Amino acid sequence: MSSLYTKLVKGATKIKMAPPKQKYVDPILSGTSSARGLQEITHALDIRLSDTAWTIVYKALIVLHLMIQQGEKDVTLRHYSHNLDVFQLRKISHTTKWSSNDMRALQRYDEYLKTRCEEYGRLGMDHLRDNYSSLKLGSKNQLSMDEELDHVESLEIQINALIRNKYSVSDLENHLLLYAFQLLVQDLLGLYNALNEGVITLLESFFELSIEHAKRTLDLYKDFVDMTEYVVRYLKIGKAVGLKIPVIKHITTKLINSLEEHLREETKRQRGEPSEPQQDRKPSTAISSTSSHNNNSNDKNKSIAQKKLEQIREQKRLLEQQLQNQQLLISPTVPQDAYNPFGSQQQDLNNDTFSFEP
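Note that the sequence shown ends on residue 358 in the UniProt record's numbering; no numbers are left out.
And the structure:
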């Protein structure tokens, strides 16, 4: 005889092309608070994820996403971080029923949720539901610099996996896709805000870092700068389909040159190299002059970059305020003619549709 949770999971993942009904979702989320309930739910979900029907598998991923986002904290991430095989979607991946776009959407959603579980397994933290600001350097948890760098890197990995889930405005006329997209946008807002916090923390200590840590920080900052453009584009799609997207404030993306210059000068200083070659001087005078020049140059470069960093501390305060005011609503109407920054060129429009047909 099927358990209650098996019936609920089946109800939430019916083959019908529609979002899971709340009457199934709510008791599933409540069931994650008990070990036995979680076991029964995940067992039933694993069966649905091994189905060959696109809608069943996609809706099973939505239920899993909801469990991570709204169920008992950490338990779903912890369970699936030890059971990553379920994300292989073996059966549906080996069928030829579905169009390439159908499968691409399914696989990218699957890969994002797998990445969330992998990163939780690696760091033991859900950056969306834990208080990220409590994990900063100098906090009571006393993260080491390597750990802080790992957390920022993890956030970038998760965001990269998320924004690969690309949907056009016309795709999102489908209510099932729109439902999943809304969950993704909610995650993106939280992950990006956490990334902002992490990058700020790293930059504030940049001038005290070792060369190795400073190089890694600079690389992560460069990735953040590139990623910001794609995050903004992704959120524009949300606005285009009626989601209420808050104004996203991020730290300045114009520090790269200043930080690179500081890193070059610091590397030269540690190697004992002069910033600029000094010629036609007596050895003792040249050494003294070079040392003085290096100190002045370092102070100047450091001063310029530090002044820029001071400008973002006010942004930091605004970001912390923003974290407490993230709300997402869907308007009754869905605009059909809004700009789609992810859309392909005109000749590809017919190829960017979903068939959902065997």
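Note that CB positions come from ideal geometry on N, CA and C, so glycine has one too. None of the values given here were measured: they were computed from a predicted structure.
- With respect to Q70, L29 sits close: the two C-beta atoms are nearer than 8 Å.
- Taking a contact to require three or more Cβ pairs closer than 8 Å, the region 258-268 and the region 212-226 qualify as touching.
- In this structure, DSSP gives L243 an extended state, which the three-state scheme calls strand.
- If the five residues before and after I41 are omitted, its C-beta is found closer than 7 Å to the C-beta atoms of Y5, V9, I28, G31, T32, all from its own chain and listed in chain order.
- DSSP places E119 in the uninterrupted alpha helix (DSSP H) bounded by 100-123.
- In this structure, L220 and V152 form a Cβ contact; the two beta carbons are roughly 5 Å apart against a cut-off of 8 Å.
- In this structure Y230 touches I163 by the C-beta definition: roughly 5 Å separates them, less than 8 Å.
- Close CB contacts of S154 within its chain, under the 6 Å cut and outside five residues either way in sequence, are with E119, L123 (chain order).
- Annotation: Q88 to T95 spans about 13 Å, alpha carbon to alpha carbon.
- Close CB contacts of A180 within its chain, under the 7 Å cut and outside five residues either way in sequence, are with I62, Y109 (chain order).
- Per DSSP, the unbroken alpha helix (DSSP H) holding H175 starts and ends at 175-204.
- Taking C-beta atoms under 8 Å as the contact rule, F207 and H262 qualify, at a distance of about 7 Å.
- The C-beta of L84 has fewer than 16 other C-beta atoms within 10 Å across all chains shown, which makes the residue exposed.
- Secondary structure at A18: coil, using DSSP grouped into helix, strand and coil.
- A straight-line Cα-Cα distance of about 31 Å links L128 and A53.
- With distances taken between CA atoms, T13 lies nearest to H65 out of H65, N160, I256.
- Around the beta carbon of P246, a 10 Å sphere encloses fewer than 16 other beta carbons of the protein chains shown; the residue is thus reported as exposed.
- Secondary structure note for Y80: its alpha helix (DSSP H) is the uninterrupted segment 75-81.
- N196 has its alpha-carbon roughly 35 Å from the corresponding atom of D46.
- As the crow flies, the alpha-carbon of Y80 is around 9 Å from that of G121.
- When the alpha-carbon of M17 is set against those of D146, S3, S50, L178, the nearest one is in L178.
- Assignment of N160 by DSSP, reduced to helix, strand and coil, places it in the helix class.
- According to the DSSP assignment, Y58 belongs to the alpha helix (DSSP H) that extends over 54-70.
- With contacts defined by Cβ atoms closer than 8 Å, L235 and I256 do not form a contacting pair.
- Nearest to K97 by alpha-carbon distance, out of R78, L191, T55, D150, is T55.
- In the three-state scheme derived from DSSP, where H, G and I count as helix and E and B as strand, Y167 is classed as coil.
- In this structure L191 is in contact with I159, their Cβ atoms being roughly 5 Å apart against a cut-off of 8 Å.
- Going by beta carbons, L209 and M145 fall inside the 8 Å limit.
- In this structure, DSSP gives I28 a helical state, which the three-state scheme calls helix.
- For I41, the three-state secondary structure derived from DSSP is helix.
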